[in-house]
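Colleague:
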Amino acid sequence: MKTRISIYAAFIMSIIFISSIYAQEKSKLLYATDSGLGIQFGGEVEMEFVDVEGKGGFAHREFTYQKVRTRSPHMRIDKAVLETKIFYSEFLTYEIQFRFGDDGNRVDKHFARLQLPSLYTRFEMGKNRPFIRADRRTEGYPLIGTANWKGREYHITSETKYPLGEHVDLIGGVSFAMKRPLGSDDAAEDKSFKILVYDDYDDKDGQTFEYGAMFGFKAYGLSALGWYYTGKLIDDFDWKTQLSQYLSDYNSLGDQTDKTHYWYGGRVGYDAHNIHARGEYIKTMDGLLPRFGYYGEVSYFIKSVANFLPVKGIEPLVRYGALNVLDHPRQLGTPETWDRQMTTIALLTHLDDYLSLKFEYYLLNEETGGDPPEDKVKDNQFLMQVNFKF
Numbered sequence: 028m029k030t031r032i033s034i035y036a037a038f039i040m041s042i043i044f045i046s047s048i049y050a051q052e053k054s055k056l057l058y059a060t061d062s063g064l065g066i067q068f069g070g071e072v073e074m075e076f077v078d079v080e081g082k083g084g085f086a087h088r089e090f091t092y093q094k095v096r097t098r099s100p101h102m103r104i105d106k107a108v109l110e111t112k113i114f115y116s117e118f119l120t121y122e123i124q125f126r127f128g129d130d131g132n133r134v135d136k137h138f139a140r141l142q143l144p145s146l147y148t149r150f151e152m153g154k155n156r157p158f159i160r161a162d163r164r165t166e167g168y169p170l171i172g173t174a175n176w177k178g179r180e181y182h183i184t185s186e187t188k189y190p191l192g193e194h195v196d197l198i199g200g201v202s203f204a205m206k207r208p209l210g211s212d213d214a215a216e217d218k219s220f221k222i223l224v225y226d227d228y229d230d231k232d233g234q235t236f237e238y239g240a241m242f243g244f245k246a247y248g249l250s251a252l253g254w255y256y257t258g259k260l261i262d263d264f265d266w267k268t269q270l271s272q273y274l275s276d277y278n279s280l281g282d283q284t285d286k287t288h289y290w291y292g293g294r295v296g297y298d299a300h301n302i303h304a305r306g307e308y309i310k311t312m313d314g315l316l317p318r319f320g321y322y323g324e325v326s327y328f329i330k331s332v333a334n335f336l337p338v339k340g341i342e343p344l345v346r347y348g349a350l351n352v353l354d355h356p357r358q359l360g361t362p363e364t365w366d367r368q369m370t371t372i373a374l375l376t377h378l379d380d381y382l383s384l385k386f387e388y389y390l391l392n393e394e395t396g397g398d399p400p401e402d403k404v405k406d407n408q409f410l411m412q413v414n415f416k417f
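The structure is reproduced here in structure tokens:
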């Protein structure tokens, strides 16, 4: 315990020292190419310290659940992103983001955007997260965020924000996308018990499409948004490989070739007077697997009052969320379909507009289908992260 506390203290002092020499004016740079087009560079780097509950080492490995990879405290560069934005005109831009990290290097996002101010509409074509995604303050996603709108897709979307007054906007949009394959991802920062998700787009034989629409409003800090997506499972990767083969007892639920796919949800929020509050609910149906989830979060931004500290402000945040299988026994197969609950307690330290330090603790609870306490999973997690933007 003393060793870990020393690591935490050394990490914090290093970041405070870095921030003390990070006081010059910063902005993304804009250049002109030989063709006369404008080009802008930016990006960010995330360096993390992660500590997962439970002892590490060979003697403590749990081979039954393959909980091996990150039981010991570790540090890593979670991601380094290089962003390039090209200006073809005042209203047409193209952006591409390259991502580098311990899990490999890739083009993470790339998309063209066309603004039509007279119609209050923006069109987007390329690879990005779904247009109903939420901006997150913490490093950790809500469970339903990881499951539904974290993954990247290839799409064509239109988003309209029609002003009804100085502080009131109606919001609407439609989406046509290549359906993302079913996959798995981490519930938080640990790499052990993954959840079933709509994964990043990958070229699959039997590819299908997904159609979506959203509608909502923003008014005086209040916001509300609802959406519906529908399509078919990828034939036969989704229903045969990801569901029938990987989930025990799935075939006993009915026609295993059922390719039904839809998901819908809603989100309400309030952002004003340094207060942030949000609630969200999502229901999904994939073949014979119905799931639902929700979360609520609240935070408050506190401006720094100590001039001698290189801190713009701090923001404590609390979130509680769940992701559950509906109407089916929780013994349905692998950890990907366990009922889960996660509480996030975070302290976000904004050193300035480009440098932040995050402290986050995730309390996880999984309903494994076994009899507690023997099958109780212990994997609460602590995260310290420094985020450099440029």
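Just so we're aligned, residue 28 is where the sequence shown starts under this note's numbering, counting upward by one.
The C-beta atom is built at its ideal place from N, Cα and C for all residues, glycine as well.
What you are looking at is a predicted structure, and each value in this text was computed from that prediction instead of being measured.
1) Three or more beta-carbon pairs under 8 Å between the region 334–350 and the region 291–298, yes or no?
2) How many Å lie between Tyr247 and His194 at the Cα?
3) Distance check for Gly178 and Ala215, CA to CA, integer angstroms please.
4) Taking only three categories from DSSP, how would you classify Trp254?
5) Take the Cβ of Asn414 as the centre, count every other Cβ of all protein chains shown within 10 Å, and call the residue buried at 16 or more, exposed below.
6) Since Ile198 sits in a beta bridge, which residues does DSSP pair it with?
7) Would you kindly report the start and end of the unbroken beta strand (DSSP E) that includes Gly128?
8) Note down the Cα distance separating Asp406 from Thr173, rounded to an integer number of angstroms.
9) Would you call the CB atoms of Glu363 and Ile222 closer than 7 Å?
10) Put Ser271 into one of helix, strand or coil per three-state DSSP.
11) For Gly233, I'd like the list of residues in its chain whose CB is within less than 8 Å of its CB, leaving aside the five on either flank, ordered along the chain.
12) If you draw a straight line from the alpha carbon of Ser275 to that of Thr361, how long is it in whole angstroms?
13) Given a cut-off of 7 Å, decide if Tyr297 and Leu249 are closer than it, judged by their beta-carbon atoms.
14) Taking the alpha carbon of Tyr389 as the reference point, which residue from Gln283, Tyr181 and Leu170 has its own alpha carbon closest?
15) Taking only beta-carbon atoms, is Arg156 less than 7 Å away from chain B?
16) Does the distance from the CB of Tyr322 to the CB of Glu307 come in under 7 Å?
17) Taking the continuous beta strand (DSSP E) assigned at Thr395, which residues delimit it?
18) Quickly, what does DSSP pair Gln234 with across the bridge? List them, please.
19) Below 7 Å between beta carbons: does that hold for Ser219 and Gly200?
20) Taking the alpha-carbon positions, what's the Val404 to Leu378 distance?
21) So what does DSSP say about Pro362, is it helix, strand or coil?
22) Are the beta-carbon atoms of Glu117 and Gly70 separated by less than 7 Å?
23) Restricting to Cα atoms, I'd like to know which of Met312, Arg367, Arg318 and Phe138 is closest to Phe158.
24) Classify Pro144: buried if its beta carbon has 16 or more other beta carbons within 10 angstroms, exposed otherwise.
25) Assign Ala214 to one of three DSSP states: helix, strand, or coil.
26) In the DSSP output, which residue or residues are listed as bridge partners for Gly65?
27) Alpha carbon to alpha carbon, what distance is there between Pro337 and Thr376?
28) Determine the contact status of Thr235 and Gly258, defining contact as a CB-CB distance below 7 Å.
29) Apart from the five residues on each side of it in sequence, which residues of its chain come closer than 8 Å, Cβ to Cβ, to Pro317?
30) Alpha carbon to alpha carbon, how far is Lys106 from Val72? Give it in angstroms, no decimals.
31) Distance check for Val79 and Arg149, CA to CA, integer angstroms please.
32) I need the DSSP call for Phe150, collapsed to helix, strand or coil.
33) Taking DSSP's pairing of strands, which residues face Tyr327 in a bridge?
34) Any idea which residues DSSP pairs Arg318 with across the strands?
35) Rounded to whole angstroms, what's the CA-CA distance from Asp227 to Leu64? Just pull it up for me.
36) Should Pro208 go down as buried or exposed, given a rule of 16 or more other Cβ atoms within 10 Å for buried?
Modeller: With the structure as the only source:
1) no
2) 6 Å
3) 15 Å
4) strand
5) buried
6) Lys188 and Gly243
7) Leu119 to Gly128
8) 18 Å
9) yes
10) helix
11) Ile261, Asp262, Asp263 and Phe264
12) 7 Å
13) yes
14) Leu170
15) Going by chain labels, chain B is absent from the structure shown, which holds only one protein chain.
16) Yes; because the gap between Cβ atoms is below 7 Å, this pair is in contact.
17) Premise fails: Thr395 is in no beta strand (DSSP E) and is neither H nor E.
18) The partner list for Gln234 (beta bridge, DSSP) is empty, contrary to what the question assumes.
19) Gly200 sits away from Ser219, with the two beta carbons spaced by 7 Å or more.
20) When rounded, the distance between both Cα atoms is 36 Å.
21) helix
22) no
23) Phe138
24) exposed
25) coil
26) Within the DSSP bridge table, the entry for Gly65 names Ala59 and Phe114 as partners.
27) 10 Å
28) Their beta carbons are under 7 Å apart, which means Thr235 touches Gly258 by this criterion.
29) Lys310, Thr311, Val352, Leu353, Asp354 and His355
30) 6 Å
31) 42 Å
32) Secondary structure at Phe150: strand, using DSSP grouped into helix, strand and coil.
33) Ile302
34) In DSSP, Arg318 forms a bridge with Thr311 and Val352.
35) 31 Å
36) buried
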